[in-house]
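This report refers to the structure that appears directly beneath it.
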Amino acid sequence: MNKAVKIAAEFSIPYYQYLNSESKVISPLPEFAKNFEYLKDLYKHMVLTRTFDTKAIALQRTGKLGTYASSLGQEAIPTGIGKALHPTDVFLTFYRGYGTQFLRGVTMEEIFLYWGGSEAGNNFKAESAKQDFPMCVPIGSQYLHAVGVATAFKLRHQKRAVLVTCGDGATSQGDVYEALNVAGAWNLPVVFIIENNQWAISVPREKQTAAKTLAQKGIAAGIASEQVDGNDVIAVQDRVAIALEKARNNLGPTVIEAITYRLSDHTTADDASRYRNKDIVGKSWQEEPVIRLRNYLFENKHWSESEEKEWQTACSEKVEKAVANYLNTPPEPKENMFNFHYGNMPKSLIAQRDKFL
Ligand SMILES: [Mg+2]
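Read in order, the letters of the sequence shown correspond to residues 1 to 357 in our numbering.
Printed below as a string of structure tokens:
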């Protein structure tokens, strides 16, 4: 070996999984996951999220909702995040974070309203959700908002954490790199989740970047970074809770790449059958999070067919009630499309608004 060469830096990315795709426990469970009642609760929340999702797509297909981004197959990530967050933490999400939003107190009606074209859906009514940000549709810009919030917590010496999510495609955006960099440099109390569902619309993960993992992008910013099985809700909750506690105690940021698979189209405006291999999609259905936990509960006699049926019915009733409330919401006044862009509306916009009325 050339004696002039020394290794300047080395790194590794750990990968965490407790419940594998065959529903077998492969490493000692964290305390919360030894409680079957608690696991049932996680399972039920994932089923509720999926029921909501199925209905949202049906509403879009029948012209009652605008374009909608499904979280089918990705329910474990928002569920684990929502359970790990404390009420005083702040949550910033990209689209598909419904499972967390529901746990924070955002209502199904609000999500329907948002995708139905009303910003009223982003004005969360529940006190418990008011500190959270509206879902961010631009790709990656929420990472910058998150480091802004985290900087405020740091300056105020508050013991609070920020958690922000993005998809795999967003990791190619400058905003994401800049946010990671400042979080590392300023040791900010923030947890960055990369929800890697293998697709950025029709661009597959392998074309997105030459990096072996997306998590290692945090290494460049000096941030502890890891991967987690995003279809194992136990692993997600455990690792997110640890990262949040670290942030609250001023011990720095964390990047968690949660590996999952988008079982749906990108949105209802997409047709993934045009660019996806059916065999891979079929294999991914074997690894999805809901069946994985259901099988584990069934095998351990903590869930039954009748409980399943009962819960499915309860979820449908809850969703149908939200749909009725959404469809009965009167349309917003037309001028609202002008009213919330500026604190002081420019004259040119005032003129447009007045002409419109
Ligand atoms: Mg993606």
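Positions of the beta carbon are idealized from the N, C-alpha and C atoms, including for glycine.
Neighbourhood of residue i by C-beta, 7 Å cutoff - its chain only, sequence neighbours within 5 removed
{"i": "GLY80", "result": "VAL233, VAL236, GLN237 and VAL240"}
{"i": "GLN17", "result": "ILE26, ASP229, ASP232 and ALA235"}
{"i": "ARG262", "result": "GLY73, GLN74, ASN197, GLN198 and TRP199"}
{"i": "LYS55", "result": "VAL319 and VAL323"}
Cβ-based neighbour list, residue i, same chain, cut-off 6 Å, excluding 5 preceding and 5 following
{"i": "THR165", "result": "THR93, PHE94, GLY97, ILE193 and GLU195"}
{"i": "VAL162", "result": "VAL90, ALA146, VAL149, ALA150 and VAL190"}
{"i": "PRO134", "result": "ASN122"}
{"i": "GLN60", "result": "TYR68 and THR268"}
{"i": "PHE153", "result": "ARG160 and PRO189"}
{"i": "ALA179", "result": "TYR143, LEU144 and VAL147"}
{"i": "VAL106", "result": "PHE124 and ALA129"}
{"i": "TYR15", "result": "GLN227"}
Where residue i sits in the DSSP three-state scheme
{"i": "GLN227", "result": "strand"}
{"i": "VAL47", "result": "helix"}
{"i": "THR260", "result": "coil"}
{"i": "ALA9", "result": "coil"}
{"i": "LEU252", "result": "Strictly speaking, residue 252 in this sequence is Gly, with Leu absent from that position. Coil at GLY252, not helix or strand."}
{"i": "THR165", "result": "strand"}
{"i": "LEU214", "result": "coil"}
{"i": "LEU327", "result": "helix"}
{"i": "ALA4", "result": "coil"}
{"i": "ALA200", "result": "strand"}
{"i": "TYR177", "result": "helix"}
{"i": "TYR15", "result": "strand"}
Beta-carbon contacts of residue i that lie in its chain and below 8 Å, excluding the five residues immediately before and after
{"i": "VAL137", "result": "PHE94 and TYR95"}
{"i": "GLY117", "result": "GLY66"}
{"i": "GLN216", "result": "PHE11, ILE13 and SER225"}
{"i": "ASN249", "result": "LYS159"}
Segment limits, beta strand (DSSP E) that includes residue i
{"i": "GLU195", "result": "190-196"}
Whole-Å CB distance - residue i paired with residue j, under 8 Å assumed
{"i": "LYS334", "j": "PHE356", "result": "7 Å"}
{"i": "LYS40", "j": "HIS302", "result": "6 Å"}
{"i": "SER172", "j": "GLN227", "result": "The Cβ separation is near 18 Å, so there is no contact."}
Endpoints, the alpha helix (DSSP H) within which residue i is located
{"i": "GLN352", "result": "347-356"}
{"i": "LEU155", "result": "141-155"}
{"i": "ASN339", "result": "336-339"}
{"i": "LYS370", "result": "Outside the shown range of the chain, which is 1 to 357, sits residue 370, and nothing can be said about it."}
{"i": "LEU29", "result": "From DSSP, LEU29 is part of no alpha helix (DSSP H); its letter is neither H nor E."}
Min CB distance residue i to chain C below 9 Å
{"i": "CYS166", "result": "Among the protein chains of the structure shown there is no chain C, as only one such chain exists."}
### Task
Could you name each continuous alpha helix (DSSP H) segment of 4 residues or more that falls completely within the stretch 50-133, going from the start of the chain to the end?
For the stretch 50-133, whole alpha helix (DSSP H) runs of length 4 or above, ordered along the chain, are 76-84, 98-104 and 108-115.
### Message
Restricting to runs no shorter than 4 residues, where is the alpha helix (DSSP H) found entirely within the stretch 282-323?
### Response
If we require 4 residues or more, the alpha helix (DSSP H) runs fully inside the stretch 282-323 come out as 289-299.
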